[in-house]
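Undergrad:
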């Protein structure tokens, strides 16, 4: 009660100090939520590449969804190599071919031979409703939708959804994974190839059999086979291809994510340092204004530790209020941005309970630390000199 009464003596100054903390925590919450989402996408990529070798045409640059197709004759060559357990051709397409570049992952169509990698894939998805694709679905226009894609188009099992202008029956919806699977429509390989061939130039379409093309070929090493060694063997024996493993994924994506996380930490740190300095300034001014009061407390027997506890407590309350306000403001921004982003399939933020708890706890501790120096100075005041202070 005494703490809140003391803070209320200079309402404007206290409010401005709380605002400084609020802005810092707002930045921490928003940027940390963005980092959480990006890291979850990276983890999804690591899960996809773990224990596999992904083969594509060497004309493709970086890790992408669409690009130069690869002929399935390469899959036949790979099957003849030693140390190969299974080979799975896949097609990846951006769902909306007219969509411009934006933040986040686009909605995707992924086609593969249903059941071909059953028991081999390290990436396991849980169904919310319906069923997964089966071998009997090959050639049919059926799909299993990611959670965000089903929500975006308001589609449930049994209903039809148009994928690039072609009607597909929804046979399953996945549980949320916080990865690219949430915005992906999984279809049989033949159906995806039919969509894929339409994206190619006319001259290529006329000279190529659509059922002999894929975006990439996923190779599952046999037990005891090193995936990196297998990737090297594939590149040596197959012409004009490149083979990627989880090591390559980490090298291509890890550096960029590391830079982004460093920027986030830098921005949040600067904001919080400014907030901490404002707390120090406020508490120092409060000590100066209450010098006589502190002298009286010391003269009637108040201990230095009591003075320190009182002033540090005031600073902690400032930090706590600023932290809660920053969390509410940041949470509102995240909520609104995600709702807007869902309309285009770009959910950019993931505000976890851990992030929220850390933000409030950190702001409270920051306030306490910022209040220690002014509190220590107040506790060391000479009672007689303090009583004479005007």
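Numbering (the working numbering), first residue to last: -18 to 371.
Where is the CB? At the ideal position from N, CA and C, for every residue including glycine.
Note that the coordinates shown come from a computational prediction; the quantities given were computed from them, not determined experimentally.
Across which residues does DSSP place residue 106 in a beta bridge pair?
TA: Residue 106 is bridged by DSSP to nothing; it lacks a bridge partner.
Undergrad: May I ask whether a heavy atom of the ligand FMN can be found less than 7 Å away from the beta carbon of residue 316?
TA: Absent from the structure shown: the ligand FMN. Ligands present: none.
Undergrad: Between residue 88 and residue 164, how many whole angstroms is the CB-CB distance? I'm expecting something under 8 Å.
TA: Contact between residue 88 and residue 164 holds, since their C-beta atoms are separated by about 5 Å, short of 8 Å.
Undergrad: Quick check on the burial criterion: 16 or more other C-beta atoms within 10 angstroms. Buried or exposed for residue 157?
TA: exposed
Undergrad: Measuring CA to CA, which of 108, 359, 91, 18 is closest to residue 265?
TA: 359
Undergrad: Taking the straight line between their C-alpha atoms, what separation do you get for residue 203 and residue 247?
TA: 45 Å
Undergrad: I'd like the list of long-range same chain contacts for residue 349, defined as Cβ closer than 7 Å, with 5 residues on each side in sequence excluded.
TA: 293, 296, 297, 300
Undergrad: Could you give the DSSP three-state label for residue 206: helix, strand or coil?
TA: In the three-state scheme derived from DSSP, where H, G and I count as helix and E and B as strand, residue 206 is classed as coil.
Undergrad: Do residue 153 and residue 137 have their CB atoms nearer than 8 Å?
TA: no
Undergrad: Flag residue 28 as yes if its beta-carbon sits less than 8 Å from any beta-carbon of chain B, otherwise no.
TA: The displayed structure is made up of one protein chain only, and chain B is not part of it.
Undergrad: So which of 344, 343, 313 has the shortest CA-CA distance to residue 330?
TA: 313
Undergrad: Indicate whether the contact test is met: 3 or more Cβ pairs, each with one atom in the stretch 108 to 125 and one in the stretch 65 to 72, closer than 8 Å.
TA: no
Undergrad: Per DSSP, which one or two residues make a beta bridge with residue 336?
TA: Paired residues: none, contrary to the question.
Undergrad: How far does the beta strand (DSSP E) with residue 37 in it extend, from its first residue to its last?
TA: Segment 34 to 38, the beta strand (DSSP E) holding residue 37.
Undergrad: Does DSSP put residue 358 in a helix, in a strand, or in coil?
TA: helix
Undergrad: With DSSP run on the structure shown, which of helix, strand or coil describes residue 231?
TA: helix
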